[in-house]
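Novice: Dropping a structure here in structure tokens format, bear with me for questions.
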Amino acid sequence: MATLKKALRLAYRWNIINRVPTIQLLPGERNREFVMSYEQEANYLHIAPQPLKDAALLMLDTGLRVGELLALQWSDVHLDPVGGSKFGFIHVRKGKSANAKRNVSLTPRVKEMLQIRYAVRQCPWVFTDELGTGPLSIWTLEAQHKRVKAALGLPKDAVLHSFRHTFGTRLGETGADAFTIMRAMGHSSVTVSQKYVHPTPETLERAFERLQALNELKRRTLPPVEGQNEENSVRSPNNVVSFGVLQEHA
């Protein structure tokens, strides 16, 4: 499967095919995907050579696909705060799905890394070949990753895509819903994003806490209802129901 995917990516780069098709496993087939722990991440980034170190950092913190990273140009990078992106953002112009075009917010350490690269840039691409005159080849990253993986004793399914998969998994662990993950990662459909959503008792409790906080905020902004004690009642679309009645019928 990995060899087939590499061949398809190469065919795309050579313009033999116009897109890299999505390969779906048959029902019952196991789709193993490695998720990097924070300890493994620290060890990996400590020994990884350049440009792999910066590439891994970018994918871990933004969820970019490998192809999106290799195609990234400085015109796509915005390091100034804009709207909700306090540390800037990356504009992904195109990718393997219709939803791939998106803006991805930067983290502080990614912004710092990009600032360093920008200071020594020689061509339009963020990640360049050894001469600094053209885009970086995926084979360079693959070769470097293979050596680091062997040095750290990582499992066979720890591939370059694992950085993106780790990003999605961590995003899901924060309680992000599938639609948010879809937009952040540029998935073709929300079905793909759902595999990262695994509600735990803790995430469900946090969701209820947020709902309760929202409900209380909205209720406090309602105007007083004539003939009712404002502190002991809530307003519904059709009538006013006291908390005491709600508790009796709960």
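So the sequence shown is numbered by the working numbering: it starts at 117 and just counts up by one.
Heads up, the beta-carbon is just placed ideally off N, CA and C, and yes, glycines get one too.
In this text, all values refer to a predicted model and were calculated from it rather than measured experimentally.
1. Rounded to a whole number of angstroms, what is the C-alpha to C-alpha distance between D177 and K210?
2. Identify every residue that forms a DSSP beta bridge with P317.
3. Rounded to the nearest angstrom, what separates Q238 and V220 at their Cα positions?
4. Since R218 is in the beta strand (DSSP E), which residue starts that stretch and which ends it?
5. Verify the CB distance criterion: does H277 have a CB-CB separation below 8 Å to chain D?
6. Tell me whether W130 sits in a helix, a strand or coil according to DSSP, three-state version.
7. For P271, collect the residues of the same chain with a Cβ closer than 8 Å to its Cβ; drop the 5 residues on either side in sequence, then sort them by chain order.
8. In three-state DSSP terms, what is H303?
9. N159 to G269, Cα distance in whole Å?
10. Among A267, G179 and W241, which one has its Cα closest to the Cα of L186?
Specialist: With the given structure in hand:
1. Taking the first residue of the sequence shown as position 1, residue 177 is located at position 61. Taking the first residue of the sequence shown as position 1, residue 210 is located at position 94. Cα to Cα, the separation comes out at about 19 Å.
2. In the sequence shown, counting from the first residue as 1, residue 317 sits at position 201. Bridge partners of P317: none, in fact.
3. Along the sequence shown, one-based indexing puts residue 238 at 122. Along the sequence shown, one-based indexing puts residue 220 at 104. Rounded to the nearest angstrom, the two C-alpha atoms are 24 Å apart.
4. Numbered from 1 along the sequence shown, position 102 holds the residue referred to as residue 218. First-last of the beta strand (DSSP E) with R218: R218 to S221.
5. Among the protein chains of the structure shown there is no chain D, as only one such chain exists.
6. The residue given as residue 130 occupies position 14 in the sequence shown. Correct three-state label for W130: coil.
7. Here residue 271 refers to the residue found at position 155 of the sequence shown. The residues are F150.
8. Sequence index remark: in the sequence shown, residue 303 carries index 187 (1-based). The answer is coil: DSSP assigns H303 none of H, G, I, E or B.
9. The sequence position of residue 159 within the sequence shown is 43, counting from 1. The sequence position of residue 269 within the sequence shown is 153, counting from 1. In a straight line, the C-alpha of N159 is about 11 Å away from that of G269.
10. As a working mapping, residue 186 is identified with position 70 in the sequence shown. That would be W241, whose Cα lies nearest to the Cα of L186.
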